[in-house]
Every structure is written in structure tokens, then in C-alpha cells.
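Just so you know, the sequence shown maps onto residues 39 to 421 in my numbering.
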Amino acid sequence: KGITESKGITESKGITESKERPEEGKGHNTRKRKQQFGGSNKKDKIQWWKDRRGGKSPGSKEEREKAPKRVRKGGGIKDWGDGGPNADDREPNPGSYARQEQRDLFSIQLPPSEPQSESAANDTQQHEAPGSGTKDPKRKVALLIAFVGTAYGGMQMNESQRTIQAELELALYKAKLIVKSNFGYPYKYAWSNSARTDRGVHSCAQVCSCKIILPSNKTTDDVRQLINQHLPDDIRILDVVRTTRNFCARTSRGRVRYQYMLPSYLLFPRESLKDTFEQVGCTDAQNRPPRDPLTDHETSCLQQNRKFMEYRALPEQLQSLRDALQSFQGTNTFHNYTRGLSHKDASASRYIVSFTVGEPVLSPISTSVNDTKMQVEWVPTQV
């Protein structure tokens, strides 16, 4: 249909293409690469690239045979054999109880060490169950966690602080769900948490993910109870769920919900608030450090002040608070709450779905003030 061939020339719809390629036509780049690599086989190409990277790999066969081989030392550490630093030759996390300094600081005792099987030493995907002679798989799970953070320095491991993550890792190790070579190295068992909390913050539904040894003779609920046996009373595992290997608690989350309980006396009238501060000795505001203006004694006196404890938020104050928090809804830049990020940086932006104020509630714990039991009113806010 209108296509003719003559003397190696193909003509179709006004397009002319020559079948007789010139020297720089078809195959030219292939011949050029062969000349560069010195050959066409895979080994020659690999060696050419290694030599091009600056001689990191010896070129000749004799030099390659003399080069140090990557071998495994005891405990599953990989070593090049040249006496230099290796990627796996690193210290445990400074905030982990795998470090002797942390254990001495908080009087932590580890269970007596047991001889590791070859599979545990090499940190493979299967591990021998203690006393069973069978191999148990290492699987990714999600942990639903609740804790009271009063006695802890936050969620994330930190040096010289007692943290939630360190307690969870210690419980996993005592329950024999992670091997000794992984204890102190969260990246080796793919640890991730959906959110980080500060000092003294509580959580009722925190999700963490990690790879642990799942005993074949136990259900996930049995594993949950096993971990809880080695946790302090203010930390609890609520559920253990099997996940896919690619699940990550931090990147897989859809949204985060926070609840802040505000004492009603934060809405105290300004003039009355000034008089109350002066009564407990909080004066000379100009010479106080801006980041820590009140001493512990002054804070305690204010918390137990009768006027504060008796104060109840007025309806118009609650409505004013609701109107103010509504302005945070939507996408906004919070660069002022970061360490030097620009307002143009996308990582400083957050989308807030809602910021609500609930009805005030009274504290279930009564505080005695001058032999009179009183309850503080709290205003729940949720973002």
C-alpha cells in the first residue's frame, strides 16, 4: 500500500531511511564500549568500572588474589581482613541498655548470656528456638503500645536517660525475641515508631514496627503476654500484629492524633493571675531566665494554690479558645517550631485536620490544701 523498496532505500509517507548504516550508525556505540572495556564479557565490564572508580579494586589477577577477602568474625561482624574500620564495627546505641554505662546508671541487670547458634551469630532469617532444636522465623510485626511517660525522658533512645524505646528493646531481648548480636542496634531489627514523645508525655495508642523471632509454638497474643512479663508496670503492649516485610510504622501512618489536657487555671484573668504570682513570691520578672523562669518550689506553690484549684473555666473563655484553635486548621507552616528551617521548606508544613476543645472534666485525684480535698478542672484539647 504505497510502500516500495529499491536499492536499499525504504520510502513510506515521505519518510526515507537508509538500510546501509554509515560507520557512526548502528553498532557504533557498541563497538566503542567494547574498545573501552577491553572486551565484551561481563567480567571485563565489571573490572573496567572498578578500575575507573580510582583503583579501589586491584586490576590484575595476581593483585586480586592478594587483596583481603571479606570474612565473618564471631558474632556475625563482617570484616575485610585489612585491620581497618568496617561498616558493622560500631558501638551500640548510646541510649540502649546494651551499653554498660546505661545499665549502671539505672541499675539494670541482663539475663546470663547463652551460647549462640550459628544462625543467631550470623543474624539470618531463622533462629533456633531455645531447647526445641527447631528453627523459628524472624518476621516483621506491629506493636500497639500504651505507656505513662512520667518517669521517662521520651520515646526515642537518648544517652543518660531512661526511655520507652530502651525499655521495649530490653523486654524483647529478655523474651528472646531478638538475638544478642542485635541488642543495642535498632537498625538490625528494623525498629520504627509512628511518633516520638517528649519527657513526661503519655500514650494510649502508639504503633511501633520491628522484626522479631516468632516462636512456632506461640500465637501473637502469647508473644504479647511474653513481652509484657519483662516490661515495667507503666508500659504495656496492647496488641501484636503480623505485617508485610515492607511495613514501617513511621512512613505507613496516615495521621497522628494528640490530646493535650490543659488545667482551667491557664484561663485565669490576667490581673488576678498577676496578684496570685506575687503572693507566692514570683516577682522580679526582668531578671529571670527566659527558658526556666520558675523554680521548682514556686511551681509547686502555684499548683497547690487554692485560687487556681478552685477556678472553673467560663463558657465564653472556652468559646474564645475554640475560635483561636480553629485558625490552626488546614495547611500551615510551623518553621518557628523547628531548628532553623525556612518558611519555604516543605518539611516545615503540616496539614491539621481538626483542633477541637472538649468539655471540662475534674481530676479523679483529689489534692489536699489546708486539710481540704480539692479537684483541679482540666480542659481536653485534641489535634
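Note that CB positions come from ideal geometry on N, CA and C, so glycine has one too.
Going along the chain, which residues of its own chain have a beta-carbon closer than 7 Å to the beta-carbon of residue i, five neighbours each way excluded?
i: residue 337; result: none
i: residue 386; result: 371, 372, 373, 376 and 379
i: residue 391; result: 293
i: residue 272; result: 185, 186 and 189
i: residue 300; result: 416, 417 and 419
i: residue 318; result: 336, 339, 340 and 343
I need the straight-line Cα distance from residue i to residue j, nearest angstrom please.
i: residue 343; j: residue 402; result: 18 Å
i: residue 156; j: residue 261; result: No answer about residue 156 holds up, because its pLDDT of 40 lies below 50 and its placement is not dependable.
i: residue 357; j: residue 421; result: 16 Å
i: residue 204; j: residue 284; result: 23 Å
i: residue 412; j: residue 302; result: 14 Å
i: residue 321; j: residue 329; result: 16 Å
i: residue 354; j: residue 340; result: 24 Å
i: residue 133; j: residue 345; result: 42 Å
i: residue 278; j: residue 287; result: 13 Å
i: residue 416; j: residue 313; result: 22 Å
i: residue 192; j: residue 275; result: 17 Å
i: residue 381; j: residue 256; result: 51 Å
i: residue 160; j: residue 217; result: Its pLDDT being 46, under 50, residue 160 is placed unreliably in this model, and the value from its coordinates should be taken loosely. Going by the C-alpha atoms only, they are around 10 Å apart.
i: residue 331; j: residue 414; result: 23 Å
i: residue 81; j: residue 289; result: 39 Å
i: residue 138; j: residue 236; result: 25 Å
i: residue 201; j: residue 308; result: 38 Å
i: residue 167; j: residue 280; result: Since pLDDT at residue 167 reaches only 48, below the 50 mark, its modelled position is unreliable, and the value read off the structure follows with that caveat. Taking the straight line joining both Cα atoms gives about 19 Å.
i: residue 225; j: residue 388; result: 27 Å
i: residue 335; j: residue 326; result: 15 Å
i: residue 362; j: residue 310; result: 22 Å
i: residue 267; j: residue 128; result: 31 Å
i: residue 131; j: residue 221; result: 9 Å
i: residue 150; j: residue 207; result: 17 Å
i: residue 259; j: residue 369; result: 40 Å
For residue i, which residues in the same chain have their Cβ closer than 8 Å to its Cβ, ignoring the five residues on either side in sequence?
i: residue 141; result: 135, 147 and 148
i: residue 364; result: 393
i: residue 367; result: 390, 391, 392 and 393
i: residue 169; result: Because the pLDDT at residue 169 is just 46, under 50, the model does not fix this residue reliably, and the value given afterwards should be weighed accordingly. So the list is empty, once near-sequence residues are dropped.
i: residue 360; result: 394 and 395
i: residue 144; result: 135 and 200
Could you tell me how far apart the beta carbons of residue i and residue j are, in whole angstroms, since I believe they sit closer than 8 Å?
i: residue 418; j: residue 297; result: 6 Å
i: residue 223; j: residue 250; result: Between residue 250 and residue 223 the Cβ distance is about 14 Å, and since that is not below 8 Å, they are no contact.
i: residue 247; j: residue 230; result: 5 Å
i: residue 351; j: residue 400; result: That belief does not hold up - the Cβ atoms of residue 351 and residue 400 are roughly 12 Å apart, past 8 Å.
i: residue 177; j: residue 269; result: That pair is no contact at about 21 Å.
i: residue 254; j: residue 174; result: 5 Å
Using a Cβ-Cβ cut-off of 6 Å (strictly less than) and excluding sequence neighbours within five positions of residue i, which residues of its own chain qualify?
i: residue 244; result: 183
i: residue 239; result: 187
i: residue 112; result: Below a pLDDT of 50, predicted positions are generally treated as unreliable, and residue 112, at 47, falls in that range; no measurement from the model is reported.
i: residue 410; result: none
i: residue 396; result: 418
i: residue 291; result: 232
i: residue 265; result: 209, 213 and 275
i: residue 384; result: none
i: residue 215; result: 250 and 251
i: residue 234; result: 193 and 194
Can you determine whether any heavy atom of the ligand SAM sits closer than 7 Å to the C-beta of residue i, and answer yes or no?
i: residue 306; result: The ligand SAM is absent from the structure shown, which contains no ligand whatsoever.
Is there a Cβ from chain C that is less than 8 Å from the Cβ of residue i?
i: residue 389; result: Structure shown: chain C not included; a single protein chain is present.
Query - Contact the stretch 211 to 218 vs the stretch 182 to 200: 3+ CB pairs below 8 Å - result: No, they do not touch.
Query raised in the report: Along the chain, which unbroken stretches of the alpha helix (DSSP H) at least 4 residues long are found entirely within the stretch 268 to 332?
Result: Here the runs fully enclosed are 308 to 317.
**Report entry** Minimum length 4: unbroken alpha helix (DSSP H) runs contained in the stretch 184 to 242
**Finding:** Counting whole runs of 4 or more residues, the stretch 184 to 242 contains the alpha helix (DSSP H) stretches 202 to 212.
Requested in this report: With a floor of 4 residues, list each alpha helix (DSSP H) that falls wholly inside the stretch 344 to 379, ordered by position along the chain.
Outcome: For the stretch 344 to 379, the continuous alpha helix (DSSP H) assignments of 4+ residues that do not extend past its boundaries occur at 344 to 348 and 353 to 364, in sequence order.
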